[in-house]
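Note that the protein sequences, when read in sequence, are chains C and S. Note that the first sequence covers residues 0 to 334 in numbering that gives the first Met the number 0. Note that the second sequence covers residues 0 to 423 in numbering that gives the first Met the number 0. Quick reminder that beta carbons are idealized off the backbone N, C-alpha and C, glycines included. Okay, so here's the structure we're looking at.
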Amino acid sequence: MNNPQLDTDGNLRHLLSIEGLPKRILNQILDTAESFVGVAEREVKKVPLLRGKTVCNLFFENSTRTRTTFEIAAKRLSADVISLNVGTSSQSKGETILDTVDNLIAMHADMFVVRHSQSGAAHLIAKHVPPHIHVINAGDGRHSHPTQGLLDVFTIRKYKPELHNLRIAIVGDVLHSRVARSEIHALTTLGVPEVRVIAPKTLLPAQVEKLGVHVFHDMEAGLKDVDVVMMLRLQNERMSGAMLPSSQEYFKTYGLTQEKLKLAKPDAIVMHPGPMNRGVEIDSNVADGKQSVILPQVTYGIAIRMAVMALLAGGLPAHQQSAGSNIVEAAGGTL
Amino acid sequence: MKIHIKNGRVIDPKNNIDDKLDVFIAAGKIVALGKSPEGFIANQTIDANNLIICPGLVDLSARLREPGDEYKARLLSELQAAVAGGVTSLACPPDTDPVLDEPGLVEMLKHRTKQQGLAHVYPLGALTMQLQGKALSEMNELHAAGCVGFSQANVAITDTQVLWRAMEYAATFGFTLFLHAEEPFLAANGVAHDGEVATRLGLKGIPSAAEALALGTILRIAQETGAKVHISRLSTAEGVSMIRASKKQGLKITCDVSANHLHLTEHDIGYFDANCHLKPPLRTQRDKDALSAGLKDGTIDAICSDHTPVDDDAKLAPFAEAEIGATGLELLLPLTLKWATQEKVSLLQAVGRITQMSAQILDIPAGNLSQNSNADLCIFDANEYWKISPATLKSQGKNTPFNGLELAGKVKLTLVHGQVVYQG
């Protein structure tokens, strides 16, 4: 069973999940992203790393934010971008995922950015494509959303550079969350000593502690002295029924309010992968408050996605890949 | 036609024979083991030097996919796979399309399989019409048409009143019920064991409790109604304990484990290997160990292949959407031998789990080499390794978690009614 994400030299071939990636690769992506943060602040927001390459956004499940940030990232790298909402086209006509992929390969796509409602979809595509094509998982079922996990640790690193000193709480629907799984793997791999999950038992998967997290059901206890609070989105369909009685009760017990946030360290930051349900998992005061870094997360998301694409298909030899922060200069700076 | 098989090691669990003996066959029947009957002149002599001769294997669960799912497999391909695996008798579950709830369908299936002259096929009739768990099927009619028992395949009866009546009715006539124990609400949409691996991979889990709860209901009703119940494909340690306790109480209950569950755990799913999408789900190492121990001490009576051929395309989908099942007829013998070697179980006992015991559960004339019994034989080399691959499998379904593995136990010759039907 070879690691499907790495090539035989140990370089990144696909980005499918954080789990299974060594610390070295995670740091390489984060360091590379640092150099891309500046690109957005220039007048000409482009580097020619992916010039002539075709990036195909293949979204079997709807998304606005993630798709848009991938699109912007690819365009800033000078790639040609095609975005397909497959959920509304061929799939509804009965075409299989791999048939759709084969058709796009025939159109000479170089990279696939894939989102699908089923766990393992990106792995399936990665196993299927020829060696020169790269696959980035933009979210598969409940399994993984690696660029989100990476942009979250990137954001944390920006505000709290000493990862090995942090206590971080992830709050909410861990059971259905690919974001939570990616965050947990990223944080534990990068050496964060204490990652907590806070949720009612109905929203935690079996044996979640085996992922290396401390489990709390009481939000007050869980937030005590944490440096980072990462809120998760609670989807509408979970809010009533057998998972939870109501959104009001959820907000009372697990919603993040200014008052509860006081239990965390005074300089704690608040994060949310979006889209937010104000008044359900997070109070507006907190979301828009001075401890919130929710909008910077979005900004950094573009840099992370640029970094991943550049490392996968930027055509840089491995020794330059590891140079990370010089990637923009190595590619000849701006256009 | 008279056949003399010489120099082989005969293993016949029913008669407790494990010895170097010659086998004499005439008119499709075993006429003698050991000494040649007086005046026996063979038309054909088979040299089984270094080979093992055992009763043809009896498989408690093999899907042939006809009628209805011919693109997944055909009767001919799967019956060829059966004899290539040394299986000479098999029971097939009723979840075909249409469902086996009509005597006419059963008669047709019996007739068509008989025409092939390969393995004997013993259909399990649907316990309820359309497997819907509402109305009982015509069990007596189906029995007359050739059904040896009644099953719900993978479909649960959610209404316990119906389950109770079904058991009462079947018990009236002494029919055996083949039931898979899984509580359908807890298992709904689940695709893997509800544990560490499902959590990591983000797959919806099926808790072990789903088996225990269903088993509790079935055992309790069996006790009340006196029905003969066979539990198909046990998967959890708790299930094994419950069966052990019920047997101690004297309940008429038997059960089997699939060869897959004897060797694999949730961890074999690896990176979403769709070949490991099975029913019941692959569970933990602890469960696997308990299944093995239960098989060893007789709590679990038999091993089945749970042969479920799936076409390649149906497996080329994300794990949860990939169709359930794995091919198994040709792996039943090597996986049983592998278990025996690993657990230091005698060949006599291990072979008994796929011959005598399964024949006894189905109540069919097979699975032994007694004098005058049908000359259904499997002759194999226990030490020859062969590689499992799409090219080496006769079944139309090439999907198995064991693909690429080398296993010991190669079938050399299969006889049905004294006719050589497979030569490997």
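One Cα belongs to S:P92, the other to C:A179, and the distance between them is close to 42 Å. Neighbours of C:V207 in chain S, taken as residues whose beta carbon is under 7 Å from its own, are T198 in chain order.
Under the DSSP assignment, S:N371 falls outside any beta strand (DSSP E); it carries neither an H nor an E label.
Annotation: S:Y421 has no Cβ neighbours in chain C at a cutoff of 7 Å; minimum Cβ distance is about 34 Å.
The beta-carbon of S:E195 is placed less than 8 Å from the nearest beta-carbon of chain C.
When secondary structure is reduced to three states using DSSP, S:L294 falls in the helix class. According to DSSP, C:I24 shares a beta bridge with no other residue. Put simply, of C:I81, C:V85 and C:I96 the residue whose alpha carbon is nearest the alpha carbon of C:M106 is C:I81. Here C:G300 carries a helix assignment [DSSP, helix/strand/coil]. The contact set of C:A105 on chain S, defined by CB atoms closer than 9 Å, is empty, because the minimum CB distance reaches about 18 Å.
Only D312, L315, A316, P317, F318, A319 and E320 from the stretch 294-324 of chain S bring a Cβ to less than 8 Å from some Cβ of chain C. Around the Cβ of S:E265, a 10 Å sphere holds 16 or more other Cβ atoms; the residue is buried. Put simply, the backbone Cα of C:N61 is about 12 Å away from that of C:D139. Partner residues in a beta bridge of C:P145, as assigned by DSSP, do not exist. Taken in chain order, the unbroken stretches of beta strand (DSSP E) that lie wholly in the stretch 118-144 of chain C and span 3 residues or more are 133-139. Listed in chain order, the non-local C-beta contacts of C:K52 below 6 Å within the same chain comprise A78, D109 and A312, local neighbours out to five positions each way being set aside.
S:R62 is positioned such that its CB atom lies closer than 8 Å to that of S:H306. C:E18 belongs to the set of residues whose beta carbon lies under 8 Å from a beta carbon in chain S. Distance between S:A134 and S:L126, taken at the CA atoms: about 9 Å. Contacts with chain S at 8 Å (Cβ-Cβ) include C:L123. With a 10 Å radius around the Cβ and a threshold of 16 neighbouring Cβ atoms, C:E280 comes out buried. A distance below 7 Å between beta-carbons, with the five flanking residues on each side excluded, links S:E342 to the following residues of its chain, in chain order: S291 and K295. Apart from the 5 residues on each side of it in sequence, S:D94 sits with its Cβ closer than 6 Å to the Cβ of A152 in its chain, given in chain order. Taking S:F379 as reference, the option from S:G148, S:G55, S:P308 and S:E405 with the minimal CA-CA separation is S:G55. Collapsing the DSSP output to three states places S:V154 in coil. DSSP places S:T87 within a strand segment (E or B) once states are collapsed to three. Approximately 15 Å separates the beta-carbon atoms of S:T87 and S:C303; this is outside 8 Å, ruling out the contact. In this structure, the CA atom of C:V38 is about 47 Å from the CA atom of C:A241. Counting the other Cβ atoms within 10 Å of the Cβ of S:G116 gives fewer than 16, which makes it exposed. Pairing C:F111 with C:P160, the inter-Cα distance amounts to about 32 Å. About 5 Å separates the beta carbon of S:R352 from that of S:A301, a gap short enough to meet the 8 Å contact definition.
Looking at the DSSP output, S:K409 bridges to S:D380.
Neighbours of S:L202 in chain C, taken as residues whose beta carbon is under 7 Å from its own, are S118 in chain order.
Residues are counted here when their Cβ sits less than 8 Å from a Cβ of chain C; for the stretch 253-272 of chain S these are G269, Y270 and F271, given in chain order. For the set S:A226, S:E329, S:A208 and S:E320, the Cα lying nearest the Cα of S:E237 is the one of S:A208.
Here C:L162 is not near C:G119, since their CB atoms are 8 Å or more apart.
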